[in-house]
Every structure is written in structure tokens, then in C-alpha cells.
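A short worksheet on the structure shown next.
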Amino acid sequence: MCQDNSLQTLILHDNNLTGSIEGTFKGCTNLTELNLLGNHLHGEIPGYLADLPLVSLELSLSNFTGMLPDRLWESSTLLQISLSNNQITGQIPDSIGRLSSLQRLQIDNNYLEGPIPQSVGYLRNLTILSLHGNGLSGNIPIELFNCRNLATLYLSSNNLTGHIPRAISNLTLLNSLILSYNQLSGAIPAEICVGFENEVHPDSEFVQHNGLLDLSYNRLTGQIPAAIKKCSMLMVLNLQGNLLNGTIPSELGELTNLTSINLSSNGLVGPMLPLGLHHWYNFKALFYQTTT
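Residue numbers (my numbering): -11 to 280.
Okay, structure coming up:
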């Protein structure tokens, strides 16, 4: 396939390709983009891919197995890695922090376990981090919030515990946060809205869903913070299935970009609708349930 060494871009997504890729692209010494999304490939992801000048590696929606190859994190060129919807096992290695130029990392819907390594904090250029749908455990490492360019953070459907760190205020570009279906506890930090004060992320190429905050089905306690009014760009708010109490804050009525709110299955009390809600022309869905 790469006999003349001139191939730079190879896009073969959504075919019925089968077999493994062990050795297949070893001779592609000028290959910068490899997209094999949506095939029926199997076997382990080969470490030799790190020896190629790849900028973008897309291997999602296939049947790759085994652990993440250690050599992959030695690449000096990779900016995007997408390995979602495979059958990858094991842990995310500490060596992931070597990919300091990485902008987009998606390893969701696999069988990863163990903690999110602290070394993820070295990925200062990340704009998207998607690890949802695995078996990751432990706290959300505070080092993660050194990744100040993050616009999208998806950690849902894992076994994460502990509090949502107040250091989330470092993520001033954050406009899509999904932490649902974990075991997170404690109060919702007021600082969670810092990113949702911005209209758009400057690197819009990587932004999939703007204005989404989903903390549903955790063990969060306390009240919905009045500082929620600072989330001016928030479009979807889902706090369903927690242990929240107190009144529904009237400040929600100031979020005129909201199209959907779900506050059900908590211990909230008070009036059904926040003041001003009935004036929202773009509002589509409201789910709530109060105890009185």
C-alpha cells in the first residue's frame, strides 16, 4: 500500500474491512492522517503507529482489543486520537502525558478501568477529552484542570467518586460538560459556570455540543448554587437523580439561552417555575419534581 512512500492521507471509513492492521502501514513513512472508522477490524492497536508522522489517528467503531500500546504515547506528531467504541481493556497509562501537543482524545465506550492518571494534566493543548462509557474509578484528578483549553469534557458512565473540584474554574473555555452516571458527591461548585460565560470556543472545529451541563445520576448534595446565573451560554441543564435539596433558584430565570432543564428525582422544594421562565421563546423541555 505504501510502496512508493508518497501516501499522506488514507481515509477508508465505513467500509466492511476486516482483519488486523499489524504491519499493514509500517511502510507508510509519510502518512499523516489515518481514518479507519466504522469497519470490522480486530486485534491490538499496533505500537508502530507512533513511528509514523501521524497527525490524526481515527480507529473508532471497530473491534480492536487489548491494551493501549505504550509506544503510542511516544509520538511527536499526533494531535488527534479517536479510539472510541472498541473493546480496549486495561488502564490509561501515565505515559499519556508525553503527548503534550495532543488536542483531541476520545477513548469512550471501551473497557478501560482504574484511575484517570494525573499525567493527563500535561496535555495542555487538549480541547476535547472524552472517556465516557468505561469503568474508570477514583477521583477526577485535580491536574486535569491544568488543561485550560478544554472545551468539551465527557466523563460520564464510569465509576468516578469524590467531589467536583473547584479548580474547574480554570477551564474558562469549557462549554460542554457531562459527568453523569458516576458516584460523585458533595456540592455543585459555583465555579462550574466559569466556562459557560463565554459565547463560543475559538477552536470551533472541535466543539460538538455547546452549552451542555449534565451532572445527572450522581450523589450530589446541597442546593443548586445561585451562581448558576453566570452560566449565561447554558442551553441544556440536567441535574436529575441526585440528592439536591432546597428551593429551585430564581436565578435560573436569567438563563435565557436555556432550551431544556431536568431537575427531577431530587429533594427540591418551592415554586414550579423560576421567575422569568415563561418568557423564554426558545424553551423546549422542562422536567422537575418537587417535594412540596
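Glycine residues also receive a C-beta, built at the ideal position from the N, C-alpha and C atoms. Please read all numbers here as calculations on a predicted model, not as lab measurements.
Which one or two residues does DSSP pair with residue i in a beta bridge?
| i | result |
| --- | --- |
| Glu32 | Thr53 |
| Leu93 | Ile69 and Leu117 |
| Asp202 | Ile166 and Asn226 |
| Glu131 | Answer is none; Glu131 lacks a bridge partner. |
| Tyr99 | Thr77 |
| Tyr142 | Ser118 and Ile166 |
| Leu256 | Gly234 |
| Arg207 | Ser173 |
For residue i, is the classification buried or exposed, using 16 other Cβ atoms within 10 angstroms of its Cβ as the cut-off for buried?
| i | result |
| --- | --- |
| Ser192 | Here Ser192 scores only 48 on pLDDT, less than 50, and its place in the model is too uncertain to base an answer on. |
| Thr92 | A quick correction: the sequence has Arg, not Thr, at residue 92. With 16 or more other Cβ atoms within 10 Å, it is buried. |
| Gln(-9) | exposed |
| Ser(-6) | exposed |
| Gln(-4) | exposed |
| Asn254 | buried |
| Gly121 | buried |
| Gln196 | Its pLDDT being 48, under 50, Gln196 is placed unreliably by the model, and the measurement read from it follows with that caveat. With fewer than 16 Cβ atoms within 10 Å of its Cβ, Gln196 is classed as exposed. |
| Asn4 | exposed |
| Leu111 | buried |
| Gln228 | buried |
| Gly7 | exposed |
Compare the C-alpha of residue i against each of the options and name the closest.
| i | options | result |
| --- | --- | --- |
| Ala139 | Ile249, Val182, Val257 and Asn97 | Val182 |
| Arg207 | Leu256, Tyr169 and Leu5 | Tyr169 |
| Gln79 | Leu100, Ala155, Leu119 and Leu111 | Leu100 |
| Thr293 | Lys218, Gly234 and Asn18 | This structure leaves residue 293 out entirely; the chain is present only between -11 and 280. |
| Leu256 | Ser118, Leu167 and Pro237 | Pro237 |
| Pro57 | Ile84, Ser44, Thr65 and Ser48 | Ile84 |
| Ser64 | Asn254, Ser164 and Asp39 | Asp39 |
| Pro34 | Tyr205, Gly11, Leu45 and Cys16 | Gly11 |
| Gly258 | Gly126, Gly229 and Ile212 | Ile212 |
| Ile95 | Val43, Leu162 and Thr53 | Thr53 |
| Asn163 | Ser125, Phe184 and Pro177 | Phe184 |
| Leu87 | Gln171, Leu161 and Glu62 | Glu62 |
| Pro41 | Pro177, Leu225, Leu66 and Gly199 | Leu66 |
| Leu141 | Thr149, Leu167, Gln171 and His151 | Leu167 |
| Tyr36 | Leu231, Thr17 and Ile130 | Thr17 |
| Pro177 | Ser145, Leu232 and Gly199 | Leu232 |
Check whether the Cβ of residue i lies closer than 8 Å to any Cβ atom in chain C.
| i | result |
| --- | --- |
| Gly102 | Absent from the structure is chain C; it holds one protein chain and no more. |
To the nearest angstrom, how far is it from the Cα of residue i to the Cα of residue j?
| i | j | result |
| --- | --- | --- |
| Asn73 | Leu114 | 20 Å |
| Gly26 | Ala214 | 44 Å |
| Lys218 | Leu60 | 40 Å |
| Gln68 | Leu19 | 14 Å |
| Lys14 | Asp2 | 22 Å |
| Gly174 | Ile(-1) | 45 Å |
| Ala155 | Ser252 | 27 Å |
| Glu21 | Ile9 | 15 Å |
| Leu246 | Leu71 | 32 Å |
| Ile216 | Ser118 | 24 Å |
| Asn137 | Leu165 | 13 Å |
| Gln106 | Leu240 | 35 Å |
| Asn186 | Glu179 | 14 Å |
| Leu243 | Ser220 | 6 Å |
| Pro153 | Thr160 | 14 Å |
| Ile104 | Thr77 | 14 Å |
| Asn250 | His151 | 21 Å |
| Met55 | Leu225 | 35 Å |
| Leu172 | Thr149 | 5 Å |
| Ser125 | Gly102 | 5 Å |
Is residue i near the ligand COA, in the sense that its beta carbon is under 7 Å from a heavy atom of that ligand?
| i | result |
| --- | --- |
| Asn147 | This structure simply doesn't include the ligand COA, nor any ligand for that matter. |
Could you round the C-beta distance between residue i and residue j to whole angstroms and report it? I think they count as a contact, below 8 Å.
| i | j | result |
| --- | --- | --- |
| Gly123 | Asn147 | 6 Å |
| Leu24 | Glu46 | 7 Å |
| Leu201 | Leu222 | 6 Å |
| Leu132 | Val108 | 5 Å |
| Asn158 | Asn134 | 7 Å |
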